[in-house]
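Residue numbers for the sequence shown follow our numbering, so the first one is 1 and each next one is one higher.
Backbone N, C-alpha and C define an ideal beta-carbon position, used for all residues, glycine too.
As the structure is a computational prediction, the values presented were derived from the model and not from experiment.
Contents: one structure, followed by commentary.
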Amino acid sequence: MIPTISADSIAGYFFVFWIGLAIFFYLLIWCDRDAAFKRKWLPRSFIFQGALFAAFVIFQMTHDPKREASPSTLVFFTLVVAVITYLNIKIHKVCGHCGATNRSRSLAPGKFCAKCGSPLDTSKS
Ligand SMILES: [Zn+2]
């Protein structure tokens, strides 16, 4: 007999995995001072985490009768996650001078590094 995976049984595992993944990316990217490495992997980590979150929620919405959602709800949710991922990539900038990761408090990317004060290249991550 093949065991079935219910939406409720996978939720706990997902959140443990997702929190572990966030800690892994934090240690890998935020603690490293190599700007080129961060510029390459920081946007990818946001995309991966957004896609993973969207996949989990869509799985919950399509496999749990209590949380059944219409196709338009799934499309809307996917678009919201995509926009949030895009904004996360846009507001996080890596300082080319000291390697610090800067997160703007507004939707516009910061112009100067919060750690060393060097100008941030807004054309790069
Ligand atoms: Zn800096």
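Straight-line gap, residue i to residue j (C-alpha atoms, nearest Å)
{"i": "T85", "j": "C116", "result": "27 Å"}
{"i": "T62", "j": "Q49", "result": "20 Å"}
{"i": "S45", "j": "V16", "result": "17 Å"}
{"i": "F56", "j": "L120", "result": "35 Å"}
{"i": "I47", "j": "R67", "result": "25 Å"}
{"i": "C31", "j": "I23", "result": "11 Å"}
{"i": "S72", "j": "L52", "result": "20 Å"}
{"i": "S9", "j": "A69", "result": "19 Å"}
{"i": "L27", "j": "L21", "result": "10 Å"}
{"i": "I89", "j": "A114", "result": "17 Å"}
{"i": "V83", "j": "W18", "result": "20 Å"}
{"i": "V81", "j": "Y13", "result": "21 Å"}
{"i": "T101", "j": "A11", "result": "31 Å"}
Residue i vs residue j beta-carbon contact at 7 Å
{"i": "I29", "j": "K38", "result": "yes"}
{"i": "P109", "j": "I91", "result": "yes"}
Neighbourhood of residue i by C-beta, 8 Å cutoff - its chain only, sequence neighbours within 5 removed
{"i": "S118", "result": "C95, G96, H97, C98, F112"}
{"i": "D34", "result": "G99"}
{"i": "F87", "result": "The displayed chain sequence assigns Leu, not Phe, to residue 87. Within the same chain, L87 has close Cβ partners L107."}
{"i": "I58", "result": "L74, F77, T78"}
Where residue i falls, given that 16 or more other Cβ within 10 Å makes a residue buried
{"i": "L42", "result": "buried"}
{"i": "A54", "result": "buried"}
Neighbourhood of residue i by C-beta distance below 7 Å, restricted to the same chain and skipping five residues each side
{"i": "S104", "result": "I91, G110"}
What residues come near ligand 1, if near means a beta carbon less than 6 Å from any of its heavy atoms? So the residues near ligand 1 by this Cβ test are C95, H97, C98, A100, C113, K115, C116, S118.
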